[in-house]
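In numbering that gives the first Met the number 0, the protein residues as written are 0 to 385.
All C-beta atoms in this analysis are idealised placements derived from N, C-alpha and C, irrespective of residue type, glycine included.
Since the structure is predicted, the reported quantities are computational estimates derived from the model, not experimental observations.
Report on one structure; see the data block that follows.
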Amino acid sequence: MPGSEEAERPRILVADDEMHLRNILKINLEIENFNVITAQDGEEALAKAVSENPDLVILDVSMPKMDGYTVCKKIRSQGFTMPVIMLTARTQVHDRVEGLECGADDYVCKPFDMEELLARLGAQLRRVETTKDQIKHIIDNKWDEINEGFRLFEENQPRVASFDASHFNVGFQFIPSGKIGGDFCQLIEKDQNRIMVILGDTVGKGLKAALLMASTFGILDTLAREHDSPMTIVSEANRIMLESLRSVQKGFVTVFVGVIDKEKREFTYCNAGSFPPIIIHRNTRKHELLKTTGVFIGMYTEPEYTENVAKYEEGDRLILYTDGLIEAKNKAGKNFGIKRLYRLLLKNMECPVKDLSTLLMHKVEAFLGGNFFLLDDLTFLVLEFL
């Protein structure tokens, strides 16, 4: 179809107040199979650059109503990134520098050779296509990673509540603040005696947090199956994800990784910026906060992470949670808080953990005044050791 062929041809905007030169450029460019748009002054050039969004702009410096430098600056200020080639009779170095500083990609002095202009034009368009291909490659790879993360998330997150293990009983709740969330939780069976626990929270909420969650979830899942040490998993996750997290404004992920060893009755863990989980000992009713050295993933190139070990007995309970639980605010602006959480857990030590997780959600809802509106994802996991 003619219309389709027209759309596929690169579109060049030629802006010059000299009608003769403008027509010569139009004819020669159309011979080279370009689709040409013309403008006779600066205001028309800016309007057509914005409305037509051409693949490349050839822009004369000296035009009525608005000079080429100003047009180029305004194009760039509105976010347009197409290549701009400046045409001018000015030959001084400072004139060329001014053209480049205003956002132009190349500078051709009049009179010019048509073959040279076509060569420069072709070079700029090839550069754009190369950049597009690189971006597409990056996006394709990232989406593969993100989609794999979502697949793992959908497979594993629902299984947490009904995880079948001889190590513990489990109660689990995950309530995203929107349709999708940035929290994640996973239980991985390492062998007949060991279970790995992962809880994480990505910065922000909504789609951005969910995409970051999916990518993180996939990486941590792979690392958790390759390594036994929580500290190694966290350190490797930081190394792998540091660059991509820094490219996201204020991008970071809090992660807690622990391994339950039924034979040794030990819980080995590493905390990267998460609120410390709580162990409540059934016999003494004392609680223990599981703290280690280590900042969230995505902050430093070589952060120092440490690994600690907590002993447990039958009937002891481990509670992991994200900040959406204890920072849930009521109408008076008060947080649900760690003390309220601890008192509730201690008071209900005889309550089965599955019922306890439901009870805790009811308590949060009542605290919020019955208007269950979350500002952040809410996730918590209660494990009773057997």
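- Taking every protein chain shown into account, the CB of residue 212 has 16 or more other CB atoms within 10 angstroms, so this residue is buried.
- The three-state reading of DSSP puts residue 71 in helix, counting H, G and I together.
- A distance below 8 Å separates the beta carbons of residue 33 and residue 11.
- CA-to-CA, the gap between residue 119 and residue 300 works out to about 41 Å.
- Note that the C-beta distance between residue 265 and residue 192 is not below 8 Å.
- For the pair of segments examined, the region 250 to 258 was found not to touch the region 324 to 331: the number of CB pairs separated by less than 8 Å stays below three.
- For residue 256, the enclosing beta strand (DSSP E) covers residues 252 to 260.
- One alpha carbon belongs to residue 45, the other to residue 70, and they sit about 6 Å apart.
- Annotation note: the region 273 to 347 contains the following uninterrupted alpha helix (DSSP H) runs of length 4 or greater, listed N- to C-terminal: 322 to 325, 337 to 346.
- Here residue 273 is actually not in contact with residue 190; their C-beta atoms are around 25 Å apart, not less than 8 Å.
- Around residue 367, the same chain offers 329 as residues with beta carbons nearer than 6 Å, after the five sequence neighbours per side are excluded.
- In the structure shown, the three-state DSSP call for residue 38 is strand.
- DSSP, reduced to helix, strand and coil, places residue 181 outside both helices and strands of the structure shown, so it counts as coil.
- Just so you know, the alpha carbons of residue 321 and residue 231 end up roughly 22 Å apart.
- One thing to note: residue 347 has its Cβ within 8 Å of the Cβ of residue 355.
- Between residue 174 and residue 186, the C-beta spacing is not below 8 Å.
- For the 8 Å CB-CB criterion, residue 291 and residue 268 form a contact.
- With a cutoff of 8 Å on beta-carbon distance, residue 380 and residue 241 are scored as not near each other.
- Residue 84 is a Cβ neighbour of residue 123, given a cutoff of 8 Å.
- Within its own chain, the residues whose Cβ lies closer than 6 Å to the Cβ of residue 88, once the five positions on either side in sequence are excluded, are 109, listed in chain order.
- Distance between residue 126 and residue 287, taken at the CA atoms: about 59 Å.
- At the C-beta level, residue 35 and residue 25 come within 8 Å of one another.
- Under DSSP, residue 111 shares a beta bridge with no residue.
- DSSP links residue 224 through a beta bridge to no other residue.
- Within the same chain, 107 come within 8 Å of residue 115 by CB-CB distance, once the 5 residues on both sides are set aside.
- The alpha-carbon of residue 52 is positioned some 8 Å away from that of residue 79.
- Between the C-alpha atoms of residue 42 and residue 15 there is a straight-line separation of about 11 Å.
- Residue 87: member of the beta strand (DSSP E) spanning 83 to 87, first to last residue.
- Taking each of 27, 270, 332 in turn and checking the Cα distance to residue 305, the smallest one comes out for 270.
- In the structure shown, residue 357 adopts helical secondary structure according to DSSP, grouped into three states.
- Closest option to residue 252, judged by alpha-carbon separation, among 219, 164, 335: 219.
- Residue 166 sits buried, since 16 or more C-beta atoms from the chains shown fall within 10 Å of its C-beta.
- The three-state reading of DSSP puts residue 352 in helix, counting H, G and I together.
- DSSP links residue 230 through a beta bridge to no other residue.
- A residue is called buried when at least 16 other Cβ atoms come within 10 angstroms of its Cβ; residue 63 does not meet this threshold and is exposed.
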